[in-house]
Amino acid sequence: MNTQSNPLFWRDARMTHVELRKVEDGRQMCYAPHSHTEWSIGAITSGESTFQYRNDHCRVSAGDLVLMNPEWVHACNPIDNQPWGYLMLYVDTGWLTDLRYGAGLLPGPHWQDISLATVSGPHWYERYSRMADCLLDPQRDLLDKQTEVVEFLSDLMHELARQPVAQEPQEPQAPRALQALAHYLDGHVAEDVSLDALCEISGYSAGHLIRAFRQYFGLTPHAYLVNRRVQFGRRELANGTPIAEAALNAGFTDQPHFQRTFKRLMAATPNQYRCPSANYEI
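Just so you know, we're using the numbering used here here: the sequence shown kicks off at 41 and counts up by one.
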């Protein structure tokens with residue numbers, strides 16, 4: 041694989057609320073449906089890709105921005121092996137909530153999902169690109185990078201708040217029993233959870249549980265748990281944990297299993313994620 045196909049990750053220990061991923065040629069990078077605890081915003085820098093967002097599917101092309109709420113299942117993938125490039129910014133949900141609340145855009149300090157899934161137009165794409173270039177430039181000061189991030193996201197949040205709310209019916213909230221079950225899975229990521237135990241906790245039959253959980257969370261209970269394990273392992277790797285130890289801590293039986301699953305959901309190997317480009321990491 042050439043270097044343009046390798047994903048590059050930028051992180052800075054002084055700015056733990058944001059992380060940036062850069063891919064110049066993503067034709068060999070395929071994502072399985074997954075979700076993040078962070079809010080995410082991506083920019084298509086070249087070519088086209090598919091964008092699956094919950095039950096919606098569309099094409100996005102160079103100059104488009106894609107927005108993903110935390111916990112919403114999504115996937116972007118190449119079209120017919122055609123080259124496409126992108127940048128993806130992951131933003132800590134709590135930090136962004138505070139930013140929106142401090143700007144008077146939320147009635148309380150609690151996350152609210154953003155209705156728009158895509159933003160088109162040269163203004164916001166250019167603003168995003170300028171912010172990303174700043175983050176990726178090792179010569180730019182910390183204050184400069186922090187300013188670019190805050191100004192871009194503040195201005196974008198104000199713009200999104202002015203947009204009309206989507207007319208589609210709002211996604212129904214999961215029943216309390218299923219919310220409790222998801223919370224249980226969140227707290228037992230590294231354990232070998234059985235379907236019988238989940239049925240006992242929720243009061244659902246096996247078949248009903250799987251169907252209902254997928255209806256509300258976009259994933260089966262098993263896929264949800266695997267996604268949580270990968271996200272847990274991702275945080276471990278970002279903190280410098282060795283791959284084998286991160287795999288064990290996240291509940292994987294061995295390192296190869298962790299590597300295969302991580303690549304399927306993250307379109308990057310654990311080593312690529314753990315070791316950002318020396319030019320980009322601080």
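Positions of the beta carbon are idealized from the N, C-alpha and C atoms, including for glycine.
Model, not experiment: these values are computed from the prediction.
Around the beta carbon of G82, 16 or more other beta carbons sit within 10 angstroms, so the residue counts as buried. DSSP places G87 within a strand segment (E or B) once states are collapsed to three. By a beta-carbon distance limit of 8 Å, Q312 contacts P47. Their separation comes to about 6 Å.
Assignment of beta-bridge partners to F49 by DSSP yields R61. By the criterion of at least three beta-carbon pairs nearer than 8 Å, the stretch 229-249 is not in contact with the stretch 188-197. The alpha carbon of P261 has as its nearest neighbour, out of D52, H74, R67 and E166, the alpha carbon of H74. With contacts defined as CB atoms closer than 8 Å, L105 and L60 fail to qualify as a contacting pair. Sixteen is the threshold: since fewer than 16 other Cβ atoms of the shown chains lie within 10 Å of the Cβ of L183, the residue is exposed. The Cβ neighbour count for S101, taken over all protein chains shown within 10 Å, is under 16; the residue is labelled exposed. Inclusion of L156 and L221 in the CB contact set at 8 Å is not warranted, their separation being larger than that value. Taking 8 Å as the cut-off, the beta carbon of S89 is found no closer than this to the beta carbon of C70. Taking 4 residues as the shortest admissible run, the stretch 230-274 contains the following complete alpha helix (DSSP H) segments, listed from N- to C-terminal end: 235-242 and 246-257. By the criterion of at least three beta-carbon pairs nearer than 8 Å, the stretch 264-278 is in contact with the stretch 295-308.
Rounded to the nearest whole angstrom, the C-alpha separation of R170 and P162 is 12 Å. With a threshold of 16 other beta carbon atoms within 10 Å, E191 falls short and is exposed. Between the alpha carbons of P118 and W124 lies a gap of roughly 7 Å.
The three-state reading of DSSP puts R99 in strand, counting E and B together.
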